[in-house]
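S.K.: Under UniProt numbering, residues 1 to 77 are what the sequence shown spells out, in order.
Virtual Cβ for every residue (Gly too), placed ideally from N, Cα, C.
Note that the coordinates shown come from a computational prediction; the quantities given were computed from them, not determined experimentally.
Below: one structure in structure tokens.
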Amino acid sequence: AVLYRYRAATPWPDLPERVGDFRVIHLRHSRWSRSGLWQRVFQVLSEDADNEYAMIDSTIVRAHQHSAGAKGGRRRP
1 AVLYRYRAAT PWPDLPERVG DFRVIHLRHS RWSRSGLWQR VFQVLSEDAD NEYAMIDSTI
61 VRAHQHSAGA KGGRRRP
């Protein structure tokens with residue numbers, strides 16, 4: 001559920017009901033974060049010589065819907 005949440009870039013309350021109560025999932029995620037679990041997971045994945053099954057990058061980070069196509073350039077006074 002935690003990985004789904006980050007992959008789908010969805011708020012905790014919008015998790016599908018089939019994955020469980022979002023409050024419990026968020027609580028577990030918070031505990032795992034404080035305990036350093038995610039750091040250890042990423043460390044192990046980064047040390048794996050094969051890595052054919054893991055890819056960690058920022059291409060799944062989503063921007064606000066109005067961030068794309070904004071007019072740039074100099075503003076007129």
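Starting from the Cα of V19, find the closest Cα among V2, Q43, A8 and give me that residue.
M.R.: Nearest option by C-alpha distance: V2.
S.K.: Using a threshold of 8 Å, state whether the C-beta atoms of I25 and L37 are closer than that.
M.R.: Not a contact, by the Cβ cut-off of 8 Å.
S.K.: Roughly how many angstroms separate the alpha carbons of W12 and R31, rounded to a whole number?
M.R.: The straight-line gap from Cα to Cα measures roughly 15 Å.
S.K.: Taking the alpha helix (DSSP H) that L37 belongs to, which residues open and close that run?
M.R.: First-last of the alpha helix (DSSP H) with L37: 37 to 47.
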